[in-house]
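In this note's numbering, the protein residues as written are 36 to 158. Heads up, the beta-carbon is just placed ideally off N, CA and C, and yes, glycines get one too. For reference, the structure discussed in these notes is given below.
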Amino acid sequence: MQLLGPGEFKYAKTPWVITTVEKDLSNRPDFAASSHDSSMGLSGSNRVTVSWYTISIDPTLPDAFELVTSAGSDEGTIKLKLGVTPVVMPETEYEITCALATGGKLLESFTTVVIEVKEKSTM
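Right, dumping it as structure tokens:
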């Protein structure tokens with residue numbers, strides 16, 4: 036596979052601000068077609084079909100969160116673990132790095148996402 040990059044990769048919600056009473060939420064990645072997609076044979080759509088190769092996040096997510104790394108439609112999604120209530124945390128920036136296979140080529144990409152957990156307001 037030919038190595039290319041960086042690709043256009045972002046999360047649907049950034050900053051992602053949640054409260055301590057919310058549960059079972061997720062933040063999915065989005066891959067928009069970029070200017071070099073036509074040279075990769077990906078023209079004709081504003082979304083890129085990809086297969087994940089590797090994915091990592093830095094710094095490590097707090098215990099209430101997980102980065103889905105197993106194959107499937109949720110791969111790359113940042114989730115609150117089922118039934119787990121998050122604790123208050125300041126706005127924190129995370130860098131997600133991934134390698135994706137698309138159109139017979141390997142695309143390396145990265146993005147950042149900001150996550151903050153606030154105390155639920157009593158108002």
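| Asked | Found |
| --- | --- |
| Own chain, CB closer than 8 Å to Ser74, minus 5 neighbours either side, in chain order | At Ser74, the pLDDT of 41 sits below 50, so the modelled position is not reliable and the matter cannot be decided from this model. |
| Three CB pairs or more closer than 8 Å across the region 139 to 152 and the region 46 to 54 | yes |
| Member of Thr89, Glu143, Glu154, Ile90 whose CA lies at the smallest distance from the CA of Glu126 | Glu154 |
| Member of Ile113, Gly139, Lys140, Val123 whose CA lies at the smallest distance from the CA of Thr1 | Look at the range of the chain in this structure, 36 to 158, and you will see that residue 1 is not part of it. |
| Leu142 burial status per 10 Å Cβ neighbour count (16 or more: buried) | buried |
| For Phe66 and Asp44, the rounded distance between their alpha carbons | Checking the sequence shown, residue 44 turns out to be Phe, not Asp. Computed Cα separation, rounded: 5 Å. |
| Boundaries of the beta strand (DSSP E) in which Leu142 is found, first to last residue | 140 to 153 |
| Given Ala47 as reference, the closest of Arg63, Gly111, Lys116 once Cα atoms are compared | Arg63 |
| Other residues of its chain near Thr132: CB distance less than 6 Å, five sequence neighbours each side excluded | Ser91, Phe145 |
| Selected residue, minimal CA-CA separation from Asp59, among Phe100, Thr95, Tyr88 | Phe100 |
| Reduced DSSP secondary structure (H/G/I, E/B, other) of Thr127 | strand |
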